[in-house]
Amino acid sequence: MARYLRRKSIHKKRIRKLGAIERDVLGELTLGDMLYSFLLSGRSTKQFYRLARERANHRHRRKLAIERLVEQEFISTRGDRLSITEHGRSALDDRVARTFDLLKTVAWDGKWRIVAFDIPERYSVLRNKVREILKRAGFQKLQHSVWIFPHECAELSLLIQEESGLKKHILYGVLDRIENEERLKGLFRL
114 MARYLRRKSI HKKRIRKLGA IERDVLGELT LGDMLYSFLL SGRSTKQFYR
164 LARERANHRH RRKLAIERLV EQEFISTRGD RLSITEHGRS ALDDRVARTF
214 DLLKTVAWDG KWRIVAFDIP ERYSVLRNKV REILKRAGFQ KLQHSVWIFP
264 HECAELSLLI QEESGLKKHI LYGVLDRIEN EERLKGLFRL
């Protein structure tokens, strides 16, 4: 029984670490299971073919996108592995910076956005990346793991949570008021 529970807990940890692409690939691998269940039901055959076409179209579009990124030298391939190049990293950083600059030009709505996290030591590399992203986005540190920003950024918080696989360790909130608001307004030049 203990062996079964250990396997079960290991399996849960693996699922938590999966990113969006990994979940997508696993979804495609379950196509055989879906085929079996659909073929058992005669009414579902049309739905199965529609779903199979959608999946094939999605794979084709993803393949074309990867080919374009390789052609533009944003990513490189080694066998069946993909990695971002320096050119790709700088282009991505520029795009992120432009997005954050647009966020800052929007008039302040009087609300504060807070991102708080309590990430375990075993994920220290990811924790440091989260801090780096928040700094680059223009957040100010209130405490070691509590950051504040005056503009809407729910998408950024959601992206950090989803891509890092640390959703249960990161909180995002919106505040109407906060102590020492005048000092914060000065930090953000509001």
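Its first residue numbered 114, the sequence shown is counted upward by one per residue in our numbering. Where is the CB? At the ideal position from N, CA and C, for every residue including glycine.
Ranked by how close their Cα comes to the Cα of residue 230, the residues 241, 192 and 220 have 241 in first place. Within the DSSP secondary-structure output, residue 221 pairs in no beta bridge. The continuous alpha helix (DSSP H) containing residue 298 extends over residues 294-301. Secondary structure at residue 279: coil, using DSSP grouped into helix, strand and coil. Cα atoms of residue 203 and residue 221: separation of roughly 29 Å, rounded to the nearest angstrom. At a Cβ-Cβ threshold of 9 Å, residue 300 and residue 253 count as neighbours.
Excluding the 5 residues flanking it on each side, residue 197 has same chain C-beta neighbours closer than 6 Å at 188, in chain order. Where residue 189 is concerned, there is no enclosing alpha helix (DSSP H), although the beta strand (DSSP E) around it starts and stops at 188-191. Look at residue 194 here: in three-state DSSP terms it is strand. In this chain, the alpha helix (DSSP H) harbouring residue 246 covers 237-250. Distance check between residue 292 and each of 177, 225, 244 and 251 places 225 closest, using alpha-carbon atoms only.
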